[in-house]
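Novice: Sharing a structure here in structure tokens format.
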Amino acid sequence: MNIALKFWSGYVRATHRWPIIATIVPFIPVVAIWSIVANSGMFPRAFFPAPVDVMRSFISLTYKGILPDYLQDSLIRLLFGAAIGVALGIPLGILIGSSRLAHRICWPVLLFFQAIGDIAWLPILLIWFGFGLTTMTFVIVYTVLFPIVLSTVLGVQSVHRDLARAAQSLGASPMRVLWEVTLPGALPNIITGLRNGLGYGWRALIAVEIIVGTSGIGFMMFDARRAGSTVEILLGMIVLGTLWYIVDAWILAPIERATGQRWGLVTS
Amino acid sequence: MKTLSLKNLRKTYFDPYAGSQVTAVQDVSLDVEQGEFVSVVGPSGCGKTTILNMIAGFIPYTGGEILIDGNLVKGPGPDRGVVFQSFALFPWKTVLENVGFGPKMRGVPKDERDRTAREYLALAGLSHAADRYPNELSGGMQQRVGVVRALANNPAVLLMDEPFASVDAQTRMTLQEELTRIWQERKPTVIFITHDVAEAVFLANRVVVLSKGRVLDQIKVDLPRPRVWDQLIEDETFKRLSAQVLQMVRAA
């Protein structure tokens, strides 16, 4: 009992010093079970590879430069699409959130198109734009747009009316009210929308790459299926999960801590 | 000189659910001199907050006139500083940035507006809190910031809408005493909306009693300043005036 407590205390202190430990440790049992099942001979190795095989494949594909290239392609597509989605989504969300008329006109249309999932657009997009970047970008922008618009609307509506009034009575013009009050007030919600949007966009991208792609992580996985390489498929899946964790933990979470949580708008 | 003048002010609006016109403010005329502290009391629904919102320019009026230094009010503006019951501090700005917001909107350079803000923070005994965020302060401290933020912009009129209603009773008394002290130092023109009769009498030079969208009566308060609760609570004049106002409000 005493030793267990000491161990626990050591673990808590270690994770406090090196937070990455807290990320890695929960995966130890997952990888261990995977390893045991793979090595038990229950399934053929070519059908169900072990962690070591995937690791080896990771090193070899990285060394050849294929994995970094594909990863870069996927990320650039996602960032490009997300940037357009943000540039369209935030202004649209502010408009709908602050104008009752715009809300009445746009809201039903918005919900209608939100229901048509990203992938459902692919058949018509392939006819219109063919197998290329335009189709991929369209799908990502489409996927990213809705969570951002909906969250921005919510964010704008959640800003207390007295804050805008206070700014006005201190001499702020409508543009200054937008910049000094509406935007920062809506920011925690906008970040939530961005997080959801990027998450959905990332998944949509992989789906689109499988169908449309000539490169990228999704393409790598589907191409591996053709070659019957389960190792590369699993590697692709692990890359997807890891990458998202990094984006979330290293980019989105720090932004949240520096804004909404710091201001007391969101309780941590 | 009249700083604020309400002439036959009226507010009606259409209630789509009832399908009829509702009168919030019937007919209110009121003149406020420069440097005067006027409390407005009345039972809930008497239209006091509506009047304040119209003076502030937040909602349009449907009849009569509102004049500030002779100019017709057409919308919100920096000549009317507002202190809100909800404090309405900007959570993403430090205390210093909140107080410097008005000067910033006027284009005052950062050094100068920081100096102004610090001066006003000192006035409210808040110098130590300059770099904190509003959510790190107690309710009483937040409203002190709310008051000096409005004052730092040098408004012609300070409009206060039940500003101390959401703090605890002890803090409220302290805030009331501090407000009378600050008023004596700076002599701003103040319209103070409240439903608390003792508060109205304690703070003001004049108490206006509203009822059903009209001015029922006005009472001059000639109590000596500085006003301190420990002394006034036993003061015969204070008791008499409070009782008088209370009677009117209850009959209203």
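Here the protein sequences come in this chain order: A and B.
The first sequence runs contiguously to residue 269 in the working numbering.
The second sequence runs contiguously to residue 265 in the working numbering.
Where a beta carbon is used, it is the ideal one built from N, C-alpha and C, also for glycine.
Every value quoted in this text rests on a predicted model; they were computed, and no experiment measured them.
1. Determine the contact status of I204 (chain B) and K61 (chain B), defining contact as a CB-CB distance below 7 Å.
2. Along the chain, where does the alpha helix (DSSP H) that runs through N269 (chain B) open and close?
3. What do you reckon, are the CB atoms on L126 (chain A) and F139 (chain A) nearer than 7 Å?
4. First and last residue of the beta strand (DSSP E) that includes S100 (chain A)?
5. Cα-Cα, which of A:L179, A:D163, A:D74 is closest to L96 (chain A)?
6. What residue range is occupied by the uninterrupted beta strand (DSSP E) comprising Y26 (chain B)?
7. Within the 7 Å Cβ cut-off, does Y30 (chain B) reach chain A?
8. Excluding sequence positions up to five away, which residues of its chain have a Cβ less than 7 Å from the Cβ of D82 (chain B)?
9. State yes or no: is the beta carbon of G237 (chain A) nearer than 7 Å to at least one beta carbon in chain B?
10. Assuming G94 (chain B) is part of the beta strand (DSSP E), what are its boundary residues?
11. So, at 8 Å on beta carbons, what are the nonlocal neighbours of S33 (chain B) in its own chain, with the 5 sequence-adjacent residues on each side left out?
12. With DSSP collapsed to three states, give me the class of V45 (chain B).
13. Under a three-way DSSP split, which group does N40 (chain A) fall into?
14. Is any beta-carbon of chain B found at less than 7 Å from that of L164 (chain A)?
15. With a threshold of 7 Å between beta-carbons, can S170 (chain A) be considered close to chain B, or not?
16. Could you give the DSSP three-state label for L229 (chain B): helix, strand or coil?
17. Taking all protein chains shown into account, decide if P116 (chain B) is buried (16 or more other Cβ within 10 angstroms of its Cβ) or exposed.
18. For D124 (chain B) and I60 (chain A), what's the separation of their Cα atoms in angstroms?
19. Buried or exposed, going by whether 16 or more other CB atoms sit within 10 Å of the CB of E166 (chain B)?
20. What does D40 (chain B) pair with, by DSSP beta-bridge criteria?
21. So does the region 77-89 of chain A actually touch the region 161-169 of chain A, counting three or more Cβ pairs closer than 8 Å?
22. Distance cutoff 7 Å, beta carbons only. Does A208 (chain A) sit that close to anything in chain B?
23. If we define contact as Cβ-Cβ less than 7 Å, is Q262 (chain A) a contact residue for chain B?
24. In angstroms, rounded to a whole number, what distance separates the CA positions of S269 (chain A) and V222 (chain B)?
25. To the nearest angstrom, report how far apart T63 (chain B) and P92 (chain A) are at their CA atoms.
26. With 7 Å set as the bound, which would you pick, yes or no: does the beta-carbon of S151 (chain B) sit closer than that to a beta-carbon of chain A?
27. In the structure shown, what three-state DSSP assignment does N84 (chain B) receive?
28. Going by Cα to Cα distance, which pick from A:M56, A:G131, A:A5, A:A23 is closest to T231 (chain A)?
29. I want to see whether chain A comes within less than 7 Å of R119 (chain B), judged by CB atoms only; does it?
30. What would DSSP say about I256 (chain A), mapped onto helix, strand or coil?
31. What are the start and end residues of the alpha helix (DSSP H) that includes S1 (chain B)?
32. Compare the beta carbon distance of Q155 (chain B) and F100 (chain B) with 7 Å and say whether it is the shorter of the two.
33. Does the beta carbon of S269 (chain A) sit closer than 7 Å to a beta carbon anywhere in chain B?
Specialist: Once the coordinates are examined:
1. Locating residue 204 (chain B) in the second sequence gives position 191, where the first residue counts as 1. Locating residue 61 (chain B) in the second sequence gives position 48, where the first residue counts as 1. Using a Cβ distance threshold of 7 Å, I204 (chain B) and K61 (chain B) do not count as a contacting pair.
2. Beyond the ends of chain B as shown, which are 14 and 265, falls residue 269 (chain B); an answer cannot be given.
3. Within the first sequence, numbered from 1, the residue matching residue 126 (chain A) stands at position 125. Within the first sequence, numbered from 1, the residue matching residue 139 (chain A) stands at position 138. The answer is yes: Cβ separation under 7 Å.
4. Position 99 of the first sequence, counted from the start, is the residue given in the question as residue 100 (chain A). For S100 (chain A), no beta strand (DSSP E) encloses it, and the DSSP letter there is neither H nor E.
5. Residue numbering aside, residue 96 (chain A) sits at position 95 when the first sequence is read from its first letter. Ranked by Cα distance from L96 (chain A), the options A:L179, A:D163, A:D74 are led by A:L179.
6. Counted from its first residue, the second sequence places residue 26 (chain B) at position 13. Start and end: 15-28.
7. In the second sequence, the residue the question calls residue 30 (chain B) occupies position 17. It does not; no Cβ of chain A falls within 7 Å.
8. Here the question's residue 82 (chain B) lines up with position 69 in the second sequence. Around D82 (chain B): T16, A169.
9. On the first sequence, position 236 is the one that residue 237 (chain A) refers to. So no, G237 (chain A) is outside the interface.
10. As a working mapping, residue 94 (chain B) is identified with position 81 in the second sequence. Per DSSP, G94 (chain B) belongs to the beta strand (DSSP E) from 93-96.
11. Within the second sequence, numbered from 1, the residue matching residue 33 (chain B) stands at position 20. Correct list, in chain order: F27.
12. Counted from its first residue, the second sequence places residue 45 (chain B) at position 32. For V45 (chain B), the secondary structure class from DSSP, reduced to helix, strand or coil, is strand.
13. Counting from 1 along the first sequence, the entry for residue 40 (chain A) is found at position 39. Shown here, N40 (chain A) sits in a helix according to DSSP, grouped into three states.
14. Translated into positions along the first sequence, residue 164 (chain A) becomes position 163. Judged by the 7 Å Cβ criterion, L164 (chain A) is in contact with chain B.
15. As a first step, residue 170 (chain A) is located in the first sequence; it is residue number 169 there, counting from the start. At least one CB of chain B lies nearer than 7 Å to the CB of S170 (chain A).
16. As a first step, residue 229 (chain B) must be located in the second sequence, where it is residue number 216. Per DSSP, reduced to three states, the secondary structure at L229 (chain B) is strand.
17. Residue 116 (chain B) sits at position 103 when you count from the first residue of the second sequence. Looking at its Cβ environment, which holds 16 or more other Cβ atoms inside 10 Å, P116 (chain B) is buried.
18. As a working mapping, residue 124 (chain B) is identified with position 111 in the second sequence. As a working mapping, residue 60 (chain A) is identified with position 59 in the first sequence. If you take the alpha carbons of D124 (chain B) and I60 (chain A), they lie about 56 Å apart.
19. Locating residue 166 (chain B) in the second sequence gives position 153, counting from the first residue. The question names Glu, but residue 166 (chain B) in the sequence shown is Asn. Around the beta carbon of N166 (chain B), 16 or more other beta carbons lie within 10 angstroms, which makes this residue buried.
20. Taking the second sequence and counting its residues from 1, one reaches residue 40 (chain B) at position 27. According to DSSP, D40 (chain B) bridges with B:R227.
21. No, the region 77-89 of chain A does not touch the region 161-169 of chain A.
22. Position 207 of the first sequence, counted from the first residue, corresponds to residue 208 (chain A). By this cut-off, A208 (chain A) is not an interface position.
23. Stepping through the first sequence from its first residue, residue 262 (chain A) is reached at position 261. It does not: the Cβ of Q262 (chain A) has no partner Cβ on chain B nearer than 7 Å.
24. For the purposes of this step, residue 269 (chain A) is taken as residue 268 along the first sequence, with counting starting at 1. For the purposes of this step, residue 222 (chain B) is taken as residue 209 along the second sequence, with counting starting at 1. The pLDDT assigned to S269 (chain A) is 48, lower than 50, so where the model puts this residue is not dependable; a value taken from the coordinates is nonetheless given after this. Going by the C-alpha atoms only, they are around 46 Å apart.
25. On the second sequence, residue 63 (chain B) is found 50 positions in, with the first residue counted as 1. On the first sequence, residue 92 (chain A) is found 91 positions in, with the first residue counted as 1. T63 (chain B) and P92 (chain A): Cα-Cα distance of roughly 33 Å.
26. Within the second sequence, the letter at position 138 stands for residue 151 (chain B). Interface criterion not met: the Cβ of S151 (chain B) is under 7 Å from no Cβ in chain A.
27. On the second sequence, position 71 is the one that residue 84 (chain B) refers to. In the structure shown, N84 (chain B) sits in a strand (DSSP, three-state: E or B).
28. Taking the first sequence and counting its residues from 1, the one referred to as residue 231 (chain A) is at position 230. Looking at the Cα atoms, A:M56 is the closest of the given residues.
29. Position 106 of the second sequence, counted from the start, is the residue given in the question as residue 119 (chain B). Judged by the 7 Å Cβ criterion, R119 (chain B) is in contact with chain A.
30. The residue labelled residue 256 (chain A) in the question sits at position 255 within the first sequence. In this structure, I256 (chain A) counts as helix in the three-state DSSP scheme.
31. The first residue shown for chain B is 14 and the last is 265, placing residue 1 (chain B) beyond what the model contains.
32. On the second sequence, residue 155 (chain B) is found 142 positions in, with the first residue counted as 1. On the second sequence, residue 100 (chain B) is found 87 positions in, with the first residue counted as 1. If you check the CB distance, Q155 (chain B) and F100 (chain B) come in under 7 Å.
33. Taking the first sequence and counting its residues from 1, the one referred to as residue 269 (chain A) is at position 268. At S269 (chain A) the pLDDT is 48, less than 50, meaning the model places this residue with poor confidence and gives no usable figure here.
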